[in-house]
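**Q** Before we start, here is the structure in question, set down as structure tokens.
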Amino acid sequence: MFRIQPWMILLVVAGVQPGPAADRYVRLDPTASAHPYETWDSAATNIHDAITAAGEGETVWITNGSYAVTNEIVLGSGVIIKSVNGRNVTTLRRTLASEYRLFRINHADAVLDGFTITNGYGRATTAGGSSLGGGVRLDAGTVRNCRIVGNTSRAGMEGESPNTGWGYGGGVYLTAGHLENTDVLNNIARGSGGSSSADGAGIFMDGAGTISSCTITGNYAYGTGNGQGHCGGVRIAAANGILAGSIIHGNRAASANNVAANYGGGVYLTADSVVSNCTISANRVTFWQSFGAGVYLTAGLVTDCMIVSNRAETGNSYDVNATPTGGGVYMTGGTLCNSIIARNQATQTGQIRPGATRGAGIALLGGRVEHCTITRNWGDRWGWGDGLYQTAGEVFNSIAFHNFNDTVTNYTADHVNLLQTGGTFGFSCTTNTFGLSGTSNVIGDPGFISRLTGNYRLSPGSPCIDTGTNLASIASDLDGNPRSRDGNGDAASVPDMGAYEAAPLNTGPLQVNITASPEAAFDAATVNFTARVAGADTTGITYTWDYTNDGTPDDSGTDKGSVSHTYSAPGYYTVKVTAENSAGTSIVTRVAGVRIFPSTVYMKPGGSGTFPFDTPAKATTNLQPAIDAAAPGATVLLDDGIYQLTTPAIIRRGITLTSVNGPADSFVERKAGANTRLLVVMHPDAIVERLTLRNANFQRSGMAYGGALWMSAGMVRNCVITNNLVQGLPNQPGAGGGVYMTGGTLRNNLLFRNGCRSSNSSAHGGGIHLTAGMIQNCTVVSNASEGALGSADTADTSRGGGVYATGGSASNSIVVFNWIRNPTPTVGIQISGTNRFGYSHASELATGVNGNLATVEPLFVDRLAVNFILHGDSPALDAGRDQDWMENTQDLGMTPRIQGRRVDMGAYETIIIPKGTVIIVR
């Protein structure tokens, strides 16, 4: 009988087992290419054949060369594709005229490793649809050590126009899987014909994938028509994604038209995902509305990042509301923590106006900022919040300081670290603020070790050490050091403010820092200095002081840890101290560490122009430098003369701009040939008074507002505003020929012969356009509003030859002899918005309602001779309403208010001599 032997069973079993996984090979010049491509001599000449031959878990090796990918490769099995010598010498490219993505990877074990992947061109598969990835679509598996360059994802199907779809992921569209150590550069996501949008030019992440140790640079998201450009770098649109340890640099989002908003030049995070340990730098959002050049954040977490040198910018849009917001970060939600936000910009080249840029560092409209250092950011001088613009949300344990362009100047008072209109700002460090509210904040210099070289760690004695509050969610700082440590030697560990936690006081090498009190003063001050030291050995220290950094020591000794010095003249003083003992030497130099401001800044024709213009002999002839030299509370004093401007002077601090002898002798005007308004007033404590503002001529292709003056806050009083013009071109409105107001107060002013025009639209408010704020005791006469020149529109298209009011209030004012033309006839319309007026005189008002008068003629002394003092028989005499501010004040002609039973209407108070009074003239 035949018996089955054990060795036979083994032989049968062995015969049915699969063989070991085989490698496949690809090269351009094999000896004899032959399936299944298992040797270099028989290698495939193209990647398609080798992948078709490979099985699960097998590796396809590709050696040096540039290989054509003739249609999309789908990796639906666990195949590993690797180059022999890396991405620098191995390229996979689209070469045909047809448009297709190069790779789709959708298996967890699939790997693409070590290639340059280029010239992919993803298109939608349905009409009006969106394209999902130009180079690679990653739904599972791993892409590592690659360079994904020069690919395009374009909305819509090939040849379809117009299109309303989106182009997603110019380089990579990722829904799952891992992208590791890969360069994603110079890819494009773009719209198509018509108005279509683009998102995630480098990478669009739409699932729980991971991106780690990658460089994403030079990518461009571009919306066509009225479409939007979203995110040049990495867009994260789904929860549980991770972007870690990567560089996002030099990406851009923009659009073709000036009606579309653009978002997130570097990173755009709108889901509960995490961005950590990344450098996000030199990214841009451009054109019209631009939000979040570095990061656009509505949800999720951005932590332990360097967000530096990004720029939100808006060109010369026709729309007055075009606003670049958030040069570094724009937030409406989510959390930003343990990060540096530095040297970001928000800039606008269109109409100069209050708030034209907002939040050069961070624009916070919601969400939470924790342990961040916000420094050296800057916007245009007419912007809101160089460091932080906050309307909502929460800020804790952060520093907002030194937000100005310190590569241009060592200090400027004309910067705003924080502009806050809402939200919470607490346990943080800032100064030069607008609207600050919060608790447990400090205002002293944070004492960075070396601000100018980018070392924002805290020096010994910094007021930011151990002055934060405990936040349980943050266990370490940006360097990975634990939160908290005892940085001030009081045996208590409390978190520091900012991104870095100071080392324990009595450890490490010798360090020194300078604290000064006061840091700033008017005219002269004695300043007390203390050398704050830290280190393992702080005994036997010799301190050497140079109070003006002129190279000559002023004080030295072991007993000079605390010293004082008197500064007798205004200036910005740099202070240096050297601390030296047997353990070592430490030197610190505080640039502009002491600032002595002039209480009066002088302007005078023929002045020498010697900064800081603190005497008449040193006076400047230029208005903006004088304003820049004035600290809050100071006065800029104009001597008699004419001061000409080629660009508007911006006032965004609480200073007073006034003259020696009044508006009859001091004139601010447009220089011949310039296209400009005269002033922009932005601060609630700013005062402009006793000047004549004249001859502005501001025209632009788009909406044009404010001929002489745009004010959003502050006070303009006792001024003559005359012969100014604003014009919108070619079919946009002109508004506020004399003044455009969105806030503030106009008081005791004469507005005479100003005009607003539009070539093919409406013009509103020849004298004043009022949307908010108050007009008090002003005389508005002989101004004009001219709209739709050359058209057949009706006369009411242009409204308010004198005043056009949609908000705010007007009291005790006279508005007469103003007119509109649109294009014909000329119509005497004084005001639009009659419900805004009380105790005022204009023909559109109803006599007796709210104290108003409606007579045609207020009876000036001599209108034709430009004498707008009221005649003794004027119905406007004693017809105003007395107000508290009138006590001990004077009118435009320097006559004390009030002369009669009640205040007069208008800018002038008339002195009435009672009948029977005998005047003796000798």
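Using the numbering used here, you'd call the opening residue of the sequence shown number 106 and step up by one each time.
Ideal placement from N, C-alpha and C gives every residue a C-beta, glycine not left out.
Only a predicted model underlies this, so the values are computations on that prediction, with no experimental measurement involved.
(1) With distances taken Cα to Cα, identify the nearest neighbour of I185 among D214, L197, S171.
(2) Can you name the residues that DSSP bridges to D651?
(3) If you follow the alpha helix (DSSP H) that I732 is part of, which residue opens it and which one closes it?
(4) On a Cα-Cα basis, can you pick out the residue from G296, S318, I341, A342 that is closest to Y325?
(5) In the DSSP output, what is A451 paired with across the bridge?
(6) Do you know how far the Cα of S979 is from the Cα of T1015?
(7) Taking L975 as the reference, which of T994, T1000, V954 has the closest Cα?
(8) Whole angstroms is fine: what's the gap from Q261's alpha carbon to Y327's?
(9) Please report how far the alpha carbon of R1002 lies from the alpha carbon of N917, in whole angstroms.
(10) Below 7 Å between beta carbons: does that hold for S360 and G397?
(11) Give a yes or no on whether the C-beta atoms belonging to M787 and P459 are separated by under 7 Å.
(12) Looking only at its chain, what residues have a beta carbon closer than 6 Å to the beta carbon of D628, apart from the 5 residues adjacent to it on each side?
(13) Can the beta-carbon of N888 be found less than 7 Å from the beta-carbon of G872?
(14) Would you kindly work out how many angstroms separate the C-alpha atoms of G977 and A1012, rounded to a whole number?
(15) Would you kindly work out how many angstroms separate the C-alpha atoms of N449 and T257, rounded to a whole number?
(16) Ends of the beta strand (DSSP E) at T157?
(17) Would you kindly work out how many angstroms separate the C-alpha atoms of T62 and A630, rounded to a whole number?
(18) Using the C-alpha atoms, what's the distance from N151 back to T157?
(19) Tell me which residues share the same chain as G662 and place their Cβ nearer than 8 Å to its Cβ, disregarding the 5 neighbours each side in the sequence.
(20) Figure out for me which residue from S302, A621, G594, I316 has the closest Cα to the Cα of T287.
(21) For M436, report the span of its beta strand (DSSP E) as first-last.
(22) Would H354 and T322 qualify as a contact pair, given that the criterion is a beta-carbon distance under 7 Å?
(23) Of the residues G953, H946, T952, V954, which one's Cα is nearest the Cα of F965?
(24) Can you list, in chain order, the residues of its chain with a C-beta nearer than 8 Å to that of L610? Leave out the 5 residues immediately preceding and following it.
(25) Among G246, A245, R228, which one has its Cα closest to the Cα of G239?
(26) Consult DSSP for R941 and reduce its assignment to one of helix, strand or coil.
(27) Return helix, strand or coil for W59, following the three-state DSSP convention.
(28) Can you name, in chain order, every residue of its own chain whose Cβ lies under 6 Å from the Cβ of A897, other than the five neighbours on each side?
(29) Entirely within the segment 489–573 and at least 3 residues each: give me those beta strand (DSSP E) ranges in chain order.
(30) Near A608, which residues of its chain fall below 8 Å by C-beta distance, leaving aside the five closest residues on each side in sequence?
(31) Rounded to the nearest angstrom, what separates R1007 and L958 at their Cα positions?
(32) Applying the 10 Å Cβ sphere with the 16-neighbour rule, what's the burial state of I446?
(33) Does DSSP put R1002 in a helix, in a strand, or in coil?
(34) Out of Q749, L469, N415, A417, which one is the CA nearest neighbour of T440?
(35) Taking the runs of the beta strand (DSSP E) that are 3 residues or longer, which of them lie wholly in the segment 747–795?
(36) Could you tell me which residues DSSP pairs with R357 in its beta bridges?
**A** Looking at the coordinates:
(1) D214
(2) K681
(3) 728–734
(4) G296
(5) A417, G484
(6) 10 Å
(7) T1000
(8) According to the sequence provided, residue 261 is Gly. The question's Gln does not apply to it. So the alpha carbons of these two residues sit roughly 14 Å apart.
(9) 13 Å
(10) no
(11) yes
(12) S704
(13) yes
(14) 15 Å
(15) 28 Å
(16) T157 -> not in any beta strand (DSSP E); alpha helix (DSSP H) instead, spanning 152–158.
(17) The question about residue 62 has no answer here: the residues shown for the chain are numbered 106 through 1027.
(18) 11 Å
(19) T647, Y648
(20) I316
(21) 434–436
(22) yes
(23) H946
(24) P565, D591, G592, N593, G594, A639
(25) R228
(26) helix
(27) With the chain running from 106 to 1027 in the structure shown, residue 59 is simply not present.
(28) Here A897 scores only 42 on pLDDT, less than 50, and its place in the model should not be relied on; the value that follows carries that caveat. Hits under 6 Å: none found.
(29) 493–495, 499–501, 504–506, 523–525, 529–531, 553–555, 560–563
(30) N586, R590, G592, A639
(31) 15 Å
(32) buried
(33) coil
(34) L469
(35) 754–756, 761–764, 771–775, 784–786, 792–794
(36) Y325, R389
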